[in-house]
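Engineer: My structure is below; once you've seen it, I'll send some questions.
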Amino acid sequence: MDPERFGVYIGSGIGGITTFLEEDRNLINRGPQRVSPFFIPKLIANMPAGVVSIRNNAKGPTLPVVTACATSTNTIGEAFHAIAHGYADAIIAGGTDSTINEISVAGFMNIKALSTSEDPMAASLPFDLRRGGFVMGEGSAVVILEEYEHAKARNARIYAEIIGYGNTADAYHMTAPLPGGEGAINAIKIAIREAGICEGEELACDASKVYFNAHGTGTHMNDAMETKAIKAVFKDKASSLHISSTKSMTGHMLGATGAAEAIASILALGNGIVPATINYKEKDPECDLDYTPNDTVKAELSYAISTSLGFGGHNGCIVMKRV
Numbered sequence: 001m002d003p004e005r006f007g008v009y010i011g012s013g014i015g016g017i018t019t020f021l022e023e024d025r026n027l028i029n030r031g032p033q034r035v036s037p038f039f040i041p042k043l044i045a046n047m048p049a050g051v052v053s054i055r056n057n058a059k060g061p062t063l064p065v066v067t068a069c070a071t072s073t074n075t076i077g078e079a080f081h082a083i084a085h086g087y088a089d090a091i092i093a094g095g096t097d098s099t100i101n102e103i104s105v106a107g108f109m110n111i112k113a114l115s116t117s118e119d120p121m122a123a124s125l126p127f128d129l130r131r132g133g134f135v136m137g138e139g140s141a142v143v144i145l146e147e148y149e150h151a152k153a154r155n156a157r158i159y160a161e162i163i164g165y166g167n168t169a170d171a172y173h174m175t176a177p178l179p180g181g182e183g184a185i186n187a188i189k190i191a192i193r194e195a196g197i198c199e200g201e202e203l204a205c206d207a208s209k210v211y212f213n214a215h216g217t218g219t220h221m222n223d224a225m226e227t228k229a230i231k232a233v234f235k236d237k238a239s240s241l242h243i244s245s246t247k248s249m250t251g252h253m254l255g256a257t258g259a260a261e262a263i264a265s266i267l268a269l270g271n272g273i274v275p276a277t278i279n280y281k282e283k284d285p286e287c288d289l290d291y292t293p294n295d296t297v298k299a300e301l302s303y304a305i306s307t308s309l310g311f312g313g314h315n316g317c318i319v320m321k322r323v
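Once you know that position 7 of the sequence shown is 7 in my numbering, the rest is easy, because the numbers rise by one and skip nothing.
Structure representation (structure tokens):
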């Protein structure tokens, strides 16, 4: 394809923090001459997008996004808009983070974000009354977004269609979400309006055919706030949505999590199987929706909605349609 019409939007929530830790040890223990010449290129958060563009000769729109936990939902959403508005024919979009090390764990622990459970089956507990924080994960996740006619012309397999995207800020606190969920509410509303699946303030489609992949970190504030946000947007239809948090299985992959959850949502649409929220045992009165506890559910799905809510008050939401 035309390299000038081929882009890369891959972000990292934190960047090369493990590289920073390793090279800091080299500096202290072995001196400045032993700091790797690759230290800066491996550290900076734009390099995943840069390296992928180099390897694939992608010379079109190429951007990293750094919005903490919302990073790769934003990369997919921004890539969707770039293609929809004619700036590219195809964009590689996603996110990556590798942050399980002493300093990251200590930092997240000291802001009371991580689970302290020593039982793996009682640690990542989205929407469960026993929840006490998230479990750190690592990984990368990438999707190929492509203009429909361009994909059809090369006989590409089309898994789903991105049809809506919302991007808002809480403008409230560095780590805590707005208690009423207004930022998340607005992101979801913007996305479903663009997707054309609401009339005014009401969901226009059958809610039982919608899968909602929640941010669902397993922290008390996030899960209670996100439940409020879902109920505020979908009102009496909220209880009919198929909701789950795949973080119960993957942990929280930070900058990669939005893309990983978009892939889970796309596969849910294609396979007609709603992923479960595993290890769910105790119902929280503040979280009273159907979170698909413990076991997958077969369902005829038409749409999937995925939210990502990041430190700094970043909120992202994308809507996908089964093809």
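In this text, a Cβ means the ideal position worked out from N, Cα and C, and glycines have one as well.
1) Under three-state DSSP, which class holds LYS283?
2) With respect to the beta strand (DSSP E) encompassing ARG130, which residues constitute its N-terminal and C-terminal limits?
3) Sort GLY107, ILE28, PHE127 by Cα distance to MET221 and report the nearest one.
4) Nearest to THR73 by alpha carbon, out of ALA141, HIS242, GLU22, ALA171?
5) Spatial neighbours of ALA151 within its chain, please: CB distance less than 7 angstroms, with the 5 preceding and 5 following residues excluded, ordered by chain position.
6) With a floor of 3 residues, list each beta strand (DSSP E) that falls wholly inside the region 195-246, ordered by position along the chain.
7) At what residue ranges does the region 132-189 contain a whole run of the beta strand (DSSP E), taking only runs of 3 or more?
8) Is DSSP giving MET253 helix, strand or coil here?
9) Quick check: the Cα distance between ILE83 and ILE92, rounded to an integer number of angstroms?
10) What is the DSSP secondary structure of LYS112, reduced to helix, strand or coil?
11) On a CA-only basis, which of ASP24, ARG131, GLU23, ALA184 is nearest GLY313? Give me that one, please.
12) Given this structure, state the Cα-to-Cα distance separating CYS287 from ASP223, to the nearest angstrom.
13) With the cut-off set at 9 angstroms, would you say GLY316 and GLY164 are in Cβ contact?
14) Output the distance between the C-alpha atoms of LEU309 and ALA156, rounded to the nearest integer angstrom.
15) Please identify the residue among ALA204, ALA79, ASN46, ALA276 whose C-alpha is closest to the C-alpha of GLU64.
16) What are the boundary residues of the beta strand (DSSP E) that includes LYS59?
17) Mind reading off the beta-carbon distance from VAL105 to GLY251? Whole number of angstroms is fine, and I expect it under 8 angstroms.
18) Just checking, does the region 98-113 make contact with the region 177-192 on the three C-beta pairs under 8 angstroms criterion?
19) Considering only residues of the same chain and omitting the five flanking positions on each side of ALA238, which have a CB-CB separation below 7 angstroms?
20) Less than 8 angstroms between the CB atoms is what I'm expecting for GLY95 and SER208, so what's the real figure, rounded?
21) Using only CA atoms, which one of VAL8, ALA70, GLY86, GLY166 lies nearest to ASN57?
22) Below 8 angstroms CB to CB, which residues in the same chain sit around SER248 once its five sequence neighbours on both sides are set aside?
23) Where PRO179 and LYS298 are concerned, what is the direct C-alpha to C-alpha distance, given to the nearest angstrom?
24) For the alpha helix (DSSP H) containing THR19, name the first residue and the last one.
25) State buried or exposed for GLY181, treating a residue as buried only when at least 16 other CB atoms are found within 10 Å of its CB.
26) Taking Cβ positions, are ALA88 and PRO61 nearer each other than 9 angstroms?
27) Using 8 angstroms as the cut-off, classify the Cβ of VAL66 as near or not near the heavy atoms of the ligand GDP, replying yes or no.
28) Which partner residues of PRO328 appear in the DSSP bridge assignment?
29) How would you label GLU199, buried or exposed, when you count the other beta carbons within 10 angstroms and need 16 or more for buried?
Structural biologist: Let me spell this out:
1) Under the three-state reduction of DSSP, LYS283 is assigned to strand.
2) No beta strand (DSSP E) contains ARG130, which DSSP labels as neither H nor E.
3) If we check each option's Cα against that of MET221, PHE127 comes out closest.
4) Nearest neighbour of THR73 by Cα position, chosen from ALA141, HIS242, GLU22, ALA171, turns out to be ALA141.
5) Only ILE158 meet the Cβ criterion.
6) Qualifying beta strand (DSSP E) stretches, in chain order: 210-213, 242-244.
7) DSSP runs (the beta strand (DSSP E)) wholly in the region 132-189: 139-146, 160-169.
8) For MET253, the secondary structure class from DSSP, reduced to helix, strand or coil, is coil.
9) When rounded, the separation of the alpha-carbon atoms in ILE83 and ILE92 is 11 angstroms.
10) The three-state secondary structure of LYS112, taken from DSSP, is coil.
11) Checked all of ASP24, ARG131, GLU23, ALA184; the closest Cα to GLY313 is ALA184.
12) The C-alpha of CYS287 lies about 7 angstroms from the C-alpha of ASP223.
13) Taking 9 angstroms as the Cβ cut-off, GLY316 and GLY164 do not qualify as a contacting pair.
14) One C-alpha to the other measures close to 32 angstroms.
15) In the sequence under discussion, the amino acid at residue 64 is Pro, which differs from the Glu named in the question. Closest option to PRO64, judged by alpha-carbon separation, among ALA204, ALA79, ASN46, ALA276: ASN46.
16) DSSP places LYS59 outside any beta strand (DSSP E), giving it a letter other than H or E.
17) Wrong, their Cβ atoms sit about 12 angstroms apart, outside the cutoff.
18) Result no; under three Cβ-Cβ pairs closer than 8 angstroms.
19) In the same chain as ALA238, and ignoring 5 residues on each side of it, the C-beta atoms closer than 7 angstroms to its own belong to ILE230, LYS231, LEU289, in chain order.
20) GLY95 to SER208, Cβ: 31 angstroms. No contact.
21) When only C-alpha atoms are compared, the closest one is VAL8.
22) Contacts found: SER124, LEU125, PRO126, GLY216, GLY218, ALA276, THR277, ILE278, ASN279, TYR280.
23) Their Cα atoms are separated by approximately 33 angstroms.
24) That run of the alpha helix (DSSP H) goes 17-30.
25) GLY181 comes out buried.
26) Yes, they are a contact pair.
27) In the structure on display, the ligand GDP does not appear, and there are no ligands present to speak of.
28) For residue 328 there is no data in the structure shown, the boundaries of the chain being 1 and 323.
29) With fewer than 16 other Cβ atoms within 10 Å, it is exposed.
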